[in-house]
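Student: Top to bottom, those sequences are chains X, S and B.
Numbers given in the numbering used here equal positions in the first sequence, counted from 1, plus 6.
Numbers given in the numbering used here equal positions in the second sequence, counted from 1, plus 964.
With the first letter of the third sequence counted as 1, position 105 gets the number 90 in the numbering used here; the numbers rise by one all the way through.
Every residue gets a Cβ at the ideal spot worked out from N, C-alpha and C, and that includes glycine.
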Amino acid sequence: MARSITYREAINEALAQEMERDETVIVMGEDNAGGEGAPGDQDAWGGVLGVTKGLYHKFPGRVLDTPISESAFIGAAIGAATAGMRPVAELMFVDFMGVCFDQIYNQAAKFRYMFGGKAVTPVVIRTMYGAGLRAAAQHSQCLYPLFTHIPGLKVVLPATPYDAKGMMTQAIRDDDPVMFFEHKALYDLSGPVPEEGYTLPFGEANVVREGGDVTIVTLGRMVHTSLEAAGQLAADGVQCEVIDLRTTSPLDEDTVLESVEGTGRVVVVDEAHPRCSIATDISALVAQKAFGSLQAPIEMVTAPHTPVPFSNTLEDLYIPDAQRIANAVKTVTGWSR
Amino acid sequence: MGDAIAGIVANPLSGRDIRRLVTQASVFPTAEKANMIQRMLTAFAAVGVHRVLLSTDLGGISAAVFRAAGRRRAQAGPGPDTGWPEVEFLDGRPIRQTAEDTVDAVRRMVTAGARVIVCLGGDGTARVAASAAGDVALLPLSTGTNNVFPVVREATIAGLAAGLVATGAVPAGVAVTRAKLLEARVGDRAETALVDVAVSTERHVAARAVWDPATVTQVFCAFAEPDAVGLSSILGQLSPVARGDPHGVTARIAADAPEQVLAPIAPGLVVPVGVRDVEQMRPGAAYPVDARAGVIAVDGERELTFEPGEHPTVRLRTDGPRCVDVPAVLAASARLGLLRHQLRRVGST
Amino acid sequence: MTDTMERRALTREQLLAAYRQMRTIREFEERVHREFATGEIPGFVHLYAGEEASAVGVCGNLDGRDTIASTHRGHGHCIAKGVDVGEMMAEIYGRQTGSCHGKGGSMHIADLSKGMLGANGIVGGGPPLICGTALAAKLKGTGGVSVAFFGDGGSNQGTTLESMNLACVWNLPALFIAENNGYAESTASSWSVASDNIADRAAGFGMPGIIVDGFDFFAVHEAASEAIARARGGGGPTLIEMKFTRYFGHFEGDQQTYRADEVEHARAELDCLKRFATRVTETGELAQADLDAVDAEVAAAIDQAVDDAKAAPLPTEADLLTDVYVRY
């Protein structure tokens, strides 16, 4: 069937195929090529972690490096989108959203509504998130809950190479502004990916593991950690259903609720900070719409309410691991009034 | 001499007009104007000028000098010697951020008895200052590269020369020469120019500058130097007239004229200009403006609009401003030993 | 005539159109000022009266290829770029017939079909966006120019400075218009702009920066003409600083205790409409009767716009949830 490529390569391939298919697709960001103005090679980096490598030479004039001016170039991507382009702009680390958030949440997100349906803003903003590389507090956050909160934005978080390619393709073709979250610890993950172009619709979660005892709702890198926990728990006779949300906005409520109706027990696993997170969002959804099915209170497994620490031991304690997920599962399965 | 007073007026708005866009006119930072004033103040003090009147502005020039004067006083401690003259800021009147500010400042300096007035700016600033200076010696000091009339000179040197004129150490006959002047008149409206008057077929004053020779039908020059930039360069190559010559020169401009001159009419702008009917201008005679309607530009800036039936004229006058001749002043200073003194050994008889 | 002269010489029709637009803006704003005081208009309005020459002088050089982005004080730019006055008035009244179907309001009036990327409630929100439309024009080869209007307050916002740099780095067909009306809300620009002249910042980005009398339509039109030609021809961006003043407060309801009497002086001595009328009648380009006719037509059109707006339907509950996304 499909050859195996990495998450990084899958995104690169989606970009290349879409740029081939549609000349209005352009790429911009800091060092998306690299080497601009410098005496050595052009396309020296192809993105700080190499995601956009090769596009600069393959599509001359359509991969634009930028100065370190997020509000200007993210805003420019948004403006260009209103003018018939399909820009894919990179906000290198989502931690940098602070310097350009206005352009995203007050401009791009709101044009269609504020202008009475008369604007179309098909911009994709790719951004890296997540801890695990010892990149410390200002380069390791998740922050997708902040974007999920904003009406007018779509927020998508592929967990696998297959999803990454399909969702990037969908994001580019989508006529709404899309925040495309790439977990930095997943770039080297390999997986089967079809060579041809394909899309994955937004608002459709993926049941990556079926099971009748507990529903684990999760997203991003935590999908893999949850599967690891599920494997351990299976050995103890607990069958977990693992649902990869894939997109937090739009959110596939039905898949979650259907699963909860079957299992009656829910653990939500979210790498983001605990307050006002996807964990709390899903918990509220389940409590409101599947209360009758619940056999136990909802358990949330999240990072602590702290900035991301630097030191190895601390960061490893910060990130939810399979053991903590398993403990949470045992809590809900062992719960009685 | 104790009562030698000098004035300095600086235009904070010079150098920000459309010439920065349509030609490569220089950008001259406000900070540099403030620096020039400070260099001049040091020079004034060195040659015995004890009191300087300084125009005030909202562009940061006088504010910078004010702060610098404060720092000097703080460093010098008690006693009068800060190395600078006493600086009096001409305050107390509303600043309108127009040419009126320059006129006001110069008038106040004249009334207060200034013996020399240094003005920092371009041709426009010099023109405006000259219109108010009367017989007081003027030293127009250039800020920027696109000027013809003002002196292009390091500010310290200009300060020394102006100071020596203010104290009377160098006699006026040597120090100062009277410039020529052009007067353009439309009915009872008149404007003066120190270098050139051009007739433009543009309808409106608008952005003022003149940079397209196709819009010019006539030029009148008080002087036309072969090494000048600007409209006078058209005649500067064809029929040069020195600043000291008693006459001026005028010509008609037409794209199809057989005589074509490659003229640097603005910084970065060297263009062919067609010239005919070159004629000397005698002082006092009224030369008619041919165009039916348009705008008369003085020293490169559109100023006087005229409509059909108004019949503007241009006259060369010999009663322009009295301007400090910096090289002559410092040469005289060398001859007279004004900056020389003998070192006396203490205790010798 | 050279290309330059042809480009800048204004025909009778163009002069009449410019006067009509300036007069429309003035009447629109004066009327909104009066109507707002009755309490019928929801939310905030920020009026442009006094500044007409800037919007009309600049936009008079633009065509269908070009885009502008405006500020919270956007009515003038909207009108100058051809947004329908009736739809604008209805929008200000929050009606379904408004430019944005009542969902945007005064600060968010936009018409992308006319190249008007919107008034903007965020100070400094516009400049990055026009870097984008300018980039699109450059990549598509349309020859279009994009113009960012911002105020003295907006000139200090990081987004504006970043955008100027980016536009110069990418050599975009862009124009930055700093409308320095002397105040950012209640704070004087002579205090908040450290260099005193916003135009002086341009040199730091490697583009020309010039100052223009914002009350003089002809000066604005001429300067903008040159800057736009430069941008279209691939010469890159320019910064033009308009110096003038606004006749009303920052927002309607502002008591303006921070001001002296400059508005009286401006209305009497510097007013752009008065000066325009004086000039064009002096030259004979237009007759007073022509101008009077425009005044009467504009007054009637504004009256009609207000009447229509007051009679128009409000949005319904169904409108609340529509147009968040193209497809969710």
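Return no unless some Cβ of chain S is closer than 8 Å to the Cβ of Arg215/B.
Tutor: Yes, contact with chain S.
Student: Which ranges does the beta strand (DSSP E) cover as unbroken runs of at least 3 residues, wholly within the stretch 34 to 106 of chain X, from first to last along the chain?
Tutor: If we require 3 residues or more, the beta strand (DSSP E) runs fully inside the stretch 34 to 106 of chain X come out as 69 to 71 and 92 to 99.
Student: I believe Arg1216/S touches Asp1241/S by the beta-carbon criterion, under 8 Å. Please report the beta-carbon distance rounded to the nearest angstrom.
Tutor: With 8 Å as the limit, Arg1216/S and Asp1241/S qualify as a contact, their Cβ atoms being about 5 Å apart.
Student: Can you find a C-beta in chain C that's less than 8 Å from the C-beta of Val126/X?
Tutor: This model lacks chain C altogether; the protein chains it does include are X, S and B.
Student: Taking 8 Å as the threshold, find out whether the stretch 974 to 994 of chain S comes into contact with the stretch 168 to 183 of chain X through three or more Cβ pairs.
Tutor: The answer is no - the stretch 168 to 183 of chain X does not touch the stretch 974 to 994 of chain S, with fewer than three Cβ pairs under 8 Å.
Student: Got a sec: which bits of the stretch 41 to 57 of chain B sit with their beta carbon under 8 Å from any beta carbon on chain X, in order along the chain?
Tutor: Result list: Thr52 and Ala54.
Student: Measuring CA to CA, which of Met98/X, Phe107/X and Arg9/X is closest to Gly143/B?
Tutor: Ranking Met98/X, Phe107/X and Arg9/X by Cα distance to Gly143/B puts Phe107/X first.
Student: Going along chain B in order, which residues have a C-beta closer than 7 Å to the C-beta of Arg1171/S?
Tutor: The identity of residue 1171/S in the sequence shown is Ala, whereas the question assumes Arg. What Ala1171/S touches in chain B: Val197, Ala204, Glu207 and Ala208.
Student: Any beta carbon from chain S within less than 8 Å of Gly194/B's own beta carbon?
Tutor: Judged by the 8 Å Cβ criterion, Gly194/B is in contact with chain S.
Student: Per the DSSP calculation, Asn212/X is bridged to which residue(s)?
Tutor: Asp250/X, per the DSSP bridge assignment.
Student: List the endpoints of the continuous beta strand (DSSP E) containing Cys1083/S.
Tutor: Start and end: Val1080 to Gly1085.
Student: Output yes if chain B places a C-beta closer than 8 Å to the C-beta of Tyr150/X; else output no.
Tutor: So no, Tyr150/X is outside the interface.
Student: DSSP state of Lys171/X, grouped into three classes?
Tutor: Correct three-state label for Lys171/X: helix.
Student: If we cut at 8 Å on Cβ distances, does Thr307/B have a partner in chain X?
Tutor: For Thr307/B, the answer is yes, since a Cβ of chain X falls inside 8 Å of its Cβ.
Student: Name, in chain order, the residues that DSSP records as bridge partners for Val1252/S.
Tutor: In the sequence on display, residue 1252/S carries Pro and not Val. Pro1252/S pairs with Thr1277/S.
Student: Name, going along the chain, the residues of the stretch 139 to 156 of chain B whose beta-carbon falls closer than 8 Å to a beta-carbon of chain X.
Tutor: If the cut-off is 8 Å between Cβ atoms, the stretch 139 to 156 of chain B has Gly143, Thr144, Glu147, Ser148, Asn150, Leu151, Val154 and Trp155 near chain X.
Student: Tyr78/B CB to nearest chain X CB: under 8 Å?
Tutor: For Tyr78/B, the answer is no, since every Cβ of chain X falls outside 8 Å of its Cβ.
Student: What did DSSP end up calling Phe1030/S once you bin it into helix, strand or coil?
Tutor: Residue state, collapsed to three classes: helix.
Student: Thinking just about the alpha-carbon of each residue, which of Pro1222/S, Val1100/S, Gln1002/S and His1305/S is nearest to the one in Ala1027/S?
Tutor: Among Pro1222/S, Val1100/S, Gln1002/S and His1305/S, the Cα nearest to that of Ala1027/S belongs to Gln1002/S.
Student: Tell me the rounded alpha-carbon separation between Ile110/X and Leu152/X.
Tutor: So the alpha carbons of these two residues sit roughly 11 Å apart.
Student: Classify Gln1182/S as buried or exposed, calling it buried when 16 or more other Cβ atoms lie within 10 Å of its own Cβ.
Tutor: So Gln1182/S counts as buried.
Student: Assuming contact is defined by CB atoms lying nearer than 8 Å, are Gly85/X and Asp308/B in contact in what I supplied?
Tutor: Contact: no.
Student: So Arg252/B and Asp201/B are in contact, right, with Cβ under 8 Å, and what is the actual spacing, rounded?
Tutor: Rounded, the Cβ-Cβ distance is 15 Å, inconsistent with contact.
Student: Can you tell me whether DSSP reads Arg1172/S as helix, strand or coil?
Tutor: Coil at Arg1172/S, not helix or strand.
Student: State the Cα-Cα distance for the pair Ala159/B and Gly45/B, rounded to the nearest angstrom.
Tutor: If I take the Cα positions, the gap works out to 16 Å.
Student: Using beta carbons (cut-off 8 Å, strictly below), is Asn182/B in contact with chain S?
Tutor: With 8 Å as the cut-off, Asn182/B counts as an interface residue toward chain S.
Student: Spell out a yes or no on whether the stretch 12 to 19 of chain B and the stretch 220 to 230 of chain B are touching, meaning 3 or more CB-CB pairs, one atom from each, closer than 8 Å.
Tutor: Short answer: they don't touch.
Student: Count the other C-beta atoms from every protein chain shown that fall within 10 angstroms of the C-beta of Lys295/B, then say buried if there are 16 or more, exposed otherwise.
Tutor: By the neighbour-count rule (16 or more Cβ atoms within 10 Å), Lys295/B is not buried but exposed.
Student: Could you name the residues of chain B that Ile982/S contacts, counting a contact when the two beta carbons are closer than 8 Å?
Tutor: The answer, in chain order, is Ile195, Val197, Glu207, Ala208 and Glu211.
Student: Nearest to Ser75/X by alpha carbon, out of Val94/X, Glu36/X and Ala87/X?
Tutor: Of Val94/X, Glu36/X and Ala87/X, the residue nearest in Cα terms is Glu36/X.
Student: Checking contacts by CB at 8 Å: is Glu(-2)/B closer than that to chain S?
Tutor: Judged by the 8 Å Cβ criterion, Glu(-2)/B is not in contact with chain S.
Student: Please name the residue, chosen from Ala82/X, Val162/X and Asp194/X, that lies closest to Ala122/B on a Cα-to-Cα basis.
Tutor: If we check each option's Cα against that of Ala122/B, Ala82/X comes out closest.
Student: Under 8 Å Cβ-Cβ, which residues of chain B neighbour Phe107/X?
Tutor: Those within 8 Å of Phe107/X in chain B number zero; the least Cβ separation is about 11 Å.
Student: To the nearest angstrom, how far is the alpha carbon of Leu136/X from that of Ala34/B?
Tutor: Here residue 136/X turns out to be Gly, not Leu, going by the sequence shown. Rounded to whole angstroms, Gly136/X to Ala34/B spans 50 Å at the Cα level.
Student: Assess contact between the stretch 304 to 319 of chain X and the stretch 261 to 279 of chain X, defined as three or more Cβ pairs (one per stretch) separated by less than 8 Å. Is contact present?
Tutor: Taking 8 Å as the limit for Cβ pairs, the verdict is that the stretch 261 to 279 of chain X does touch the stretch 304 to 319 of chain X.
Student: Leaving out five residues on either side along the sequence, give the residues of the same chain with a beta carbon under 7 Å from the beta carbon of Ala328/X.
Tutor: Closer than 7 Å at the Cβ level, and outside the excluded window around Ala328/X, lie Thr231, Glu234, Ala235 and Gln238.
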